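Contents: one structure, followed by commentary.
Number of protein chains: 2
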Amino acid sequence: MILDIRQKTKVNLQPIQQNFAVSFNYEIHFTNNLFSLKNPTLAQVITSDGDKKPQKVVVVVDAGLLEFCPDLLQQIANYTNFYAEVLTLASAPMLVPGGEAAKNDPNLLDQIHQLVETAGICRHSYILGIGGGAVLDLIGYAAATAHRGVRLIRIPTTVLAQNDSGIGVKNGINAFGKKNFLGTFAPPYAVINDSAFLSTLCDRDWRAGIAEAIKVALIKDPIFFNFIHENTAALVLRDMDTMQMLIYRCAQLHLQHIANAGDPFEKGSSRPLDFGHWAAHKLEQLTNYSLRHGEAVAIGIALDSTYSYLLGWLSHSEWQQILNTISALGFQLYIPELTDTSSLFPGLTEFREHLGGELTITLLQHIGKGIEVHQVDLSIYKQAISLIQDLYTKVVCSDWV
Amino acid sequence: MILDIRQKTKVNLQPIQQNFAVSFNYEIHFTNNLFSLKNPTLAQVITSDGDKKPQKVVVVVDAGLLEFCPDLLQQIANYTNFYAEVLTLASAPMLVPGGEAAKNDPNLLDQIHQLVETAGICRHSYILGIGGGAVLDLIGYAAATAHRGVRLIRIPTTVLAQNDSGIGVKNGINAFGKKNFLGTFAPPYAVINDSAFLSTLCDRDWRAGIAEAIKVALIKDPIFFNFIHENTAALVLRDMDTMQMLIYRCAQLHLQHIANAGDPFEKGSSRPLDFGHWAAHKLEQLTNYSLRHGEAVAIGIALDSTYSYLLGWLSHSEWQQILNTISALGFQLYIPELTDTSSLFPGLTEFREHLGGELTITLLQHIGKGIEVHQVDLSIYKQAISLIQDLYTKVVCSDWV
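Listed in order, the protein sequences are those of chains H and E. For the first sequence, position 309 (counting from the first letter as 1) is numbered 309 according to UniProt numbering, and the numbering increases by one without interruption. For the second sequence, position 69 (counting from the first letter as 1) is numbered 69 according to UniProt numbering, and the numbering increases by one without interruption.
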């Protein structure tokens, strides 16, 4: 800078370089029966913020939960009464439809903004978001944009949300028929994983979230993959201790990647955590979201693993181990939309467009070792699809057809 | 973490602490005649991103500009043709209404999102936003939320946008009758300040932006305040060198505050750069935005300076110097809405609510030294308003009544 206003001499208006960093810190808590009056976790999270008490809270709840947790709203009311010195319910809880429907209706976004406005929620008040990944994505987007960001405590209720989407830094809704077309990067204020919600899940939702654990294990941690491989029976039988360990390790790996891979807000083109996701996103759309996200990811993993095998990177036994693990958990690996390649392959372009820059797809070099490529051979992808079709056409999982 | 998946021993699922930092870097360039074919600034900014060329660009333009720059769209077309190896215009420029109207119509947000979608803009492509602060706030919000953030090059065309709103990290639109109710913190990819746009401004817009320079000088830099005080005549006579120096120093002070004050995304309750703004935001709303933001800020500064004087902090001569400087620049310091205190004072609550936490207002201890307070005495504010009314009722600035 060569500007001396005392001398009033304008020599040259050099560019001003602006550089700064913003720190983000949040905790993921693991608990059971969050709204039991004996459980202080939520009250402690709010107490520790250092602001004047009680703090205003509004609650947005996945309506699908109430079928399995009919007492939830009463529990929340009792809890906030019991901890009235810490938090005040500033409005009756708002219900939003569960699943992808939450992300397809822009009116829901407006309604949450309206709730923030009428309840007088400020940037130091709290939104509690309770639900599956899609509902949390919607609530997260609303929370991140009201007043330029109010505090969000995420309470993920599915396996997938507890080990992946609910603990990370993204939110979003769908627009123009494209998944997550609108959204921001906005870390939560805190996350509370309550294992009690997991026992209420139907088998599909219990299973679906395991796909993200397989994904992160395959690209980062062969020991973790082996753990999943050896525990497929326990997982199918819904052993809660095994599931808790799976969620914890999966969450750790996701969080470590966000913190340590150097690009938490994805300014570059690399996105290894989206292994298997280019096809998954497209298959969700092609099935009108009748596929769960995790179910689509399982197919996407099978596809990109098979492609990696056909390229000669994965050994035959590694490839088989991957497919057998996914299949043993009850995932269906073939659906007719997979062979509709003229609809499926544009998913590659959309995946590139969403992230920007050049196409970057993660494949597998070994179990536990991802590798990035910038171009793909569609004829080999067609072979991969044929292989999966031949192997898995006859396996039909009755509970989702 | 005490979880050994090899032993399958779940000892205790301790909370996982997530900590990371995100770096933000961008340059503010100062140039003249940005779209002259001889001016490589914009092409250089895009060239330096390291991505494959040419890069896709869409342009969103403040429609109010075309009255004074009728050739602007043609110049943009010529420029992009000339630098075709660097950038490609992916769609015809989109026009949005200038001024606060841009922030009051949610359809405009949807239309920019639609433009991003149809033009195939990805996170590595560019939106060029050209216009005043309000238009850039709208475009910034749209850019920050499409694909979770596409690159935005801001080209601010007013004094206020070049020295304050256009160079910072915020965006936003109005909702529920509240200013900036929706928005995010999202640094631009780059900013290019083109002095040629300033000569097209009407006197009101030329003057209005000076208010933000007075503001930042009063809280941070007595030498800069003295520069403004001594150059009111040159500024009224629209001396461009003086204005350029004012913009440069004002931009520097704003950027230094964002980078160095420790809270660029305003997680706390402190917001010294909003000196004079609690009343300004409310007066804008009470006048249905017939007041320019800078005009409202000038009144807000006068009010909070007078309040500081009545508290015994500012000396009589400092107070007079401040009011005389603002007045000499042609700002009107009294408007009838100022005395409607039952409408004005709720602006304090709204200011607190927007930021959250406890009420935090910046006042002046001296010229160049702001100080934060957490409560105010409304009876003294009423005295301050009466003082300003007595002093300035007769001064009517004909060009805005």
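Where is the CB? At the ideal position from N, CA and C, for every residue including glycine. Remember, predicted model here, so these are calculated numbers, not experimental data.
Nearest residue (CA-CA) to residue i, options the options
i: Asp51/H; options: Asn231/H, Arg151/H, Gly98/H, Ser308/H; result: Arg151/H
i: Gly132/H; options: Ala190/H, Ala119/H, Asn81/H, Gly209/H; result: Gly209/H
i: Gln244/H; options: Asp194/H, Lys220/H, Arg204/H; result: Asp194/H
i: residue 405/H; options: Leu13/E, Asn19/E, Asn12/E; result: It is not possible to answer for residue 405/H, since the shown part of chain H is limited to 1 through 401.
i: Thr157/E; options: Ser125/E, Asn32/E, Phe24/E; result: Asn32/E
i: Pro346/H; options: Lys178/H, Gly268/H, Ile258/H, Lys267/H; result: Lys178/H
i: His113/H; options: Ile139/E, Phe68/E, Asn180/E; result: Asn180/E
i: Gly129/H; options: Asn171/H, Pro106/H, Gly120/H; result: Asn171/H
i: Thr47/H; options: Val376/H, Gly356/H, Gln111/H, Tyr126/H; result: Tyr126/H
i: Leu311/H; options: Ala186/H, Val376/H, Ile258/H, Pro106/H; result: Val376/H
i: Ile228/H; options: Ala196/H, Leu348/H, Ser305/H, Ile367/H; result: Ile367/H
i: Arg271/H; options: Leu89/H, Gly183/H, Leu363/H, Ala161/H; result: Leu363/H
i: Lys369/H; options: Ser379/H, Asp340/H, Asp390/H, Leu314/H; result: Leu314/H
Alpha-carbon spacing of residue i relative to residue j, whole angstroms
i: His293/H; j: Ser91/H; result: 32 Å
i: Val116/E; j: Val61/E; result: 14 Å
i: Tyr392/H; j: Ile385/H; result: 10 Å
i: Leu66/E; j: Ala77/E; result: 14 Å
i: Ile28/H; j: Asn163/H; result: 10 Å
i: Lys53/H; j: His147/H; result: 21 Å
i: Ile219/H; j: Glu100/E; result: 49 Å
i: Val22/H; j: Asn25/E; result: 11 Å
i: Leu87/E; j: Ser36/E; result: 15 Å
i: Leu72/H; j: Ile299/H; result: 34 Å
i: Asn288/H; j: Glu350/H; result: 17 Å
i: Ala186/H; j: Leu138/H; result: 12 Å
i: Asp105/E; j: Leu255/H; result: 39 Å
i: Asn12/H; j: Ala161/E; result: 21 Å
7 Å Cβ cut-off: residues of chain C touching residue i
i: Glu353/E; result: Although the question refers to chain C, the structure presented lacks it and instead comprises the protein chains H and E.
Terminal residues of the beta strand (DSSP E) in which residue i lies
i: Asn163/E; result: Counting along the chain, Asn163/E falls outside any beta strand (DSSP E), and DSSP gives it neither H nor E.
i: Ser23/E; result: 16–31
i: residue 417/E; result: An answer regarding residue 417/E cannot be provided, because it is not within the stretch 1 to 401 covered by chain E.
i: Gly133/H; result: From DSSP, Gly133/H is part of no beta strand (DSSP E) but of the alpha helix (DSSP H) over 133–145.
i: Pro264/E; result: Looking at the DSSP string, Pro264/E is not in any beta strand (DSSP E), and its letter there is neither H nor E.
i: His366/H; result: 361–366
i: Pro156/H; result: 151–156
i: Phe68/E; result: Premise fails: Phe68/E lies in the alpha helix (DSSP H), 65–68, not in any beta strand (DSSP E).
i: Leu34/E; result: Per DSSP, Leu34/E belongs to no beta strand (DSSP E) and is neither H nor E.
i: Gly370/E; result: 369–373
i: Leu95/E; result: 94–96
Chain E contact for residue i (CB, 7 Å cutoff)
i: Ile16/H; result: yes
i: Gly356/H; result: yes
i: Pro264/H; result: yes
i: Asp51/H; result: yes
i: Ile2/H; result: Reliability fails at Ile2/H, whose pLDDT of 42 lies under 50, so the model's placement of it is uncertain and no value is given.
Sequence-distant residues of the same chain with beta carbon closer than 6 Å to residue i, five excluded per side
i: Ala328/H; result: Thr232
i: Arg352/E; result: Leu359
i: Tyr309/H; result: Trp319
i: Ala211/H; result: Gly294, Val297, Ala298
i: Pro97/H; result: Ala63
i: Pro188/E; result: Tyr26, Leu152, Arg154
i: Ile322/H; result: Ser305
i: Ala143/E; result: Ile127, Val150, Leu152
i: Gln111/E; result: none
Same chain, Cβ closer than 7 Å to residue i, neighbours up to 5 away in sequence not counted
i: Leu95/H; result: Val61, Ala63
i: Gly166/H; result: Gly133, Leu136, Arg154, Pro156, Val191
Cβ neighbours of residue i in the same chain (closer than 8 Å, five flanking residues each side left out)
i: Thr118/H; result: Ser91
i: Leu303/H; result: Gly276, Ala279, Leu338, Tyr381, Ala384, Ile385, Ile388
i: Ala234/E; result: Thr242
i: Leu253/H; result: Val216, Ala217, Lys220, Asp221, Phe224
The ligand GDP heavy atom lying under 6 Å from the CB of residue i
i: Pro97/E; result: This structure lacks the ligand GDP, and indeed carries no ligand of any kind.
Bounding residues of the alpha helix (DSSP H) (the contiguous stretch that carries residue i)
i: Pro346/E; result: 346–355
i: Ile326/E; result: 316–328
i: Glu230/H; result: 222–230
i: Gln332/H; result: Unbroken run through Gln332/H: none, as it is neither H nor E.
CB contact check: residue i to chain H, cutoff 7 Å
i: Arg148/E; result: yes
i: Tyr248/E; result: yes
i: Leu42/E; result: no
i: His281/E; result: no
i: Ser23/E; result: yes
i: Tyr392/E; result: no
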